[in-house]
Amino acid sequence: MNTCKIIASLVVLQISLTAFGFRVVQYNIKELDSVKLREATPSEQLVAALNILKQLKPELLSLNEMAYDSPGVPNETFATNGENAAVIAKLLNETFNVSFNPANTGKNANRQPDGTFSTNPNDANWMKLVDHVNFGIFPFEYSTAALSKFPILSEKVIADLRWDAFVPNLNLENYRDAAGNKFPTDMELFDKNFTDIILKSGKYKFHVILLHTVPAFNFYNERGLNIVRNADQLRFLEWYLTGNSEKQDAAEISGICPLEKGTPFIALGDWNTDILDTNNPGSEVLRRLGDTFTYWHAPTPTYEGGFGPKPFTVQFDYILHSDHFEVKNGGVYFPDSRRKELGCNPVTEPTPEGFVKISYKKDDEDCFAFVSAPYYEAKVGSDHFPIWADIEFKK
1 MNTCKIIASL VVLQISLTAF GFRVVQYNIK ELDSVKLREA TPSEQLVAAL
51 NILKQLKPEL LSLNEMAYDS PGVPNETFAT NGENAAVIAK LLNETFNVSF
101 NPANTGKNAN RQPDGTFSTN PNDANWMKLV DHVNFGIFPF EYSTAALSKF
151 PILSEKVIAD LRWDAFVPNL NLENYRDAAG NKFPTDMELF DKNFTDIILK
201 SGKYKFHVIL LHTVPAFNFY NERGLNIVRN ADQLRFLEWY LTGNSEKQDA
251 AEISGICPLE KGTPFIALGD WNTDILDTNN PGSEVLRRLG DTFTYWHAPT
301 PTYEGGFGPK PFTVQFDYIL HSDHFEVKNG GVYFPDSRRK ELGCNPVTEP
351 TPEGFVKISY KKDDEDCFAF VSAPYYEAKV GSDHFPIWAD IEFKK
């Protein structure tokens with residue numbers, strides 16, 4: 001018996017000819033944990049990120065790098081369970097339906113001697129505290145939430161799928177974690193999770209696929225496996241959307257079925273590799289997906305490091321959709337980035353209206369510049385810029 005066919009028959013996707021438009025936003029808010037969300041005086045980062053979201057006014061919002069709150073994490077004063085996404089909605093003064101589930105990230109993290117979890121990713125004892133399989137310094141650190149103005153009809157969360165279930169000939173023998181240890185043979189494919197929700201508005205039903213992949217970067221570990229794991233996570237996305245990838249074409253994997261051909265969907269998230277990269281195998285998968293489906297925008301950097309005059313930029317974030325949709329408008333939220341360099345000596349010049357004075361390192365010196373206030377806000381909010389699309393069903 002083909003269980004995939006049975007499950008698919010329970011979900012009848014109806015597409016009307018009446019236009020239906022809504023705004024989709026994907027935003028990775030750097031290291032947004034429970035502490036930041038509950039501070040009596042909100043941090044500059046949180047205020048900036050919320051201001052940006054209020055400007056964008058999403059009707060469907062995907063948030064990455066938000067910690068899933070769990071009792072006792074990071075310490076006993078924290079008692080809530082899975083409420084962080086609702087906290088965001090309240091801070092935005094909006095009503096949303098929420099899909100929010102714990103990521104694998106940090107579920108094997110170690111406590112500090114005092115029994116608490118560190119929330120500092122640069123902790124001096126990082127090597128002893130971190131989860132070396134799924135990363136993260138405290139449980140459920142880099143989770144993903146969907147906030148939707150539309151009812152959520154169903155939710156499928158894939159978190160414990162073994163990597164070797166998707167890649168049967170997987171061989172991890174030559175790989176080592178940051179501490180030099182072998183990886184467990186039963187490790188999960190996803191360091192976070194993979195979520196498929198079905199949304200409904202009127203006659204419309206469509207899937208929203210949420211995925212935040214592992215970085216396609218081994219962080220100077222010559223025997224790290226991030227690059228290959230990123231590629232296989234994206235191959236799973238490809239299989240789930242098309243029923244086929246270069247490593248898998250099974251009709252069912254561990255009880256998981258790909259979408260039926262012709263299913264309306266929007267897939268989005270921080271996929272952690274640049275579609276134009278010619279070295280990362282995950283980027284090849286992204287290009288294949290673009291040949292089959294449609295991205296919301298031409299390749300554009302969505303990540304920018306630091307305040308220096310020539311920062312590192314790369315595209316990590318994506319919105320991909322089936323042919324049932326068309327994008328009326330969209331792009332990357334990249335504000336006015338005007339700046340005036342001030343050199344590396346103490347600054348006495350008054351800050352012009354609409355600008356903020358920032359500092360950055362250059363050859364171990366502190367250097368200074370004036371940057372536009374909107375650019376400063378975007379950079380303080382996160383190291384990722386939000387991406388957005390005004391999407392509607394084709395007539």
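The working numbering numbers the first residue of the sequence shown as 1 and each following residue consecutively. Virtual Cβ for every residue (Gly too), placed ideally from N, Cα, C. Predicted model only: the values in this text are computed from it and were never measured.
- Along the stretch 219 to 260, the alpha helix (DSSP H) occurs as fully enclosed runs of 4 or more residues at 226 to 242, listed in sequence order.
- Spanning the alpha carbons of SER62 and ILE152 requires a straight line of approximately 14 Å.
- C-alpha of ASN110 to C-alpha of PHE138: approximately 7 Å in a straight line.
- LEU268 sits away from ILE275, with the two beta carbons spaced by 7 Å or more.
- Within the same chain, and ignoring the five residues on either side of ALA216 in sequence, the residues whose Cβ sits closer than 6 Å to its Cβ are ILE227, ASN230, ASN272, THR273, ASN280 and GLY282.
- When secondary structure is reduced to three states using DSSP, ILE152 falls in the strand class.
- Leaving aside the five residues that flank ASP277 on each side, the residues in its chain whose CB is nearer than 7 Å to its CB run, in chain order, SER283.
- Counting every other CB atom within 10 Å of its CB across the protein chains shown gives ARG235 a total of 16 or more, marking it as buried.
- Distance from the CA atom of ARG176 to the CA atom of LYS182, rounded to whole angstroms, is 5 Å.
- Going by C-alpha positions, ASN104 is about 46 Å away from VAL347.
- In the DSSP annotation of this structure, MET127 is not part of any beta strand (DSSP E); the continuous alpha helix (DSSP H) holding it starts and ends at 126 to 129.
- Secondary structure of TYR68 (DSSP, three-state): coil.
- Shown here, LYS36 sits in a helix according to DSSP, grouped into three states.
- Annotation for ALA89: the continuous alpha helix (DSSP H) segment containing it runs 84 to 91.
- The shortest CA-to-CA distance from PRO58 to any of TYR68, ASN81, ALA89 and PRO74 is the one to ALA89.
- Between the stretch 115 to 127 and the stretch 165 to 174, the count of Cβ pairs shorter than 8 Å is below three; the stretches do not touch.
- For TYR375, the enclosing alpha helix (DSSP H) covers residues 373 to 381.
- By the Cβ neighbour-count rule, ASP69 is buried, with 16 or more other Cβ atoms within 10 Å of its own.
- Runs of the alpha helix (DSSP H) spanning 4 or more residues and lying entirely within the stretch 274 to 314 occur at 281 to 292, in chain order.
- For SER337, the number of other beta carbons within 10 angstroms of its own is below 16, and it is reported as exposed.
- Here SER143 really is in contact with PHE100; their C-beta atoms are around 7 Å apart, less than 8 Å.
- Beta-bridge annotation (DSSP): ALA267 is paired with ILE209 and LEU320.
- PHE22 and LEU211 have their alpha carbons spaced roughly 20 Å apart.
- Taking the Cα positions, LEU60 is about 37 Å away from MET127.
- One alpha carbon belongs to VAL130, the other to GLY180, and they sit about 13 Å apart.
- Taking 7 Å as the cut-off, the beta carbon of PHE135 is found no closer than this to the beta carbon of ASP186.
- Around the beta-carbon of GLY106, 16 or more other beta-carbon atoms lie within 10 Å, marking it buried.
- Burial state of GLN315 is buried, judged by a 10 Å Cβ sphere holding 16 or more other Cβ atoms.
- Burial is judged here by how many other beta carbons sit within 10 angstroms of a residue's own beta carbon; SER254 has fewer than 16 and is exposed.
- Assigned with DSSP and collapsed to three states, ASN97 falls in strand.
- The three-state secondary structure of ASP164, taken from DSSP, is helix.
- Residue pairing from DSSP places VAL25 in a beta bridge opposite LEU61 and TRP388.
- Here ILE52 carries a helix assignment [DSSP, helix/strand/coil].
- For the pair of segments examined, the stretch 316 to 324 was found not to touch the stretch 357 to 366: the number of CB pairs separated by less than 8 Å stays below three.
- Between ILE209 and the set GLY354, ASP364, GLN233 and ALA79, the nearest pair of CA atoms involves GLN233.
- Under the DSSP assignment, PHE194 falls in the beta strand (DSSP E) whose first and last residues are 194 to 201.
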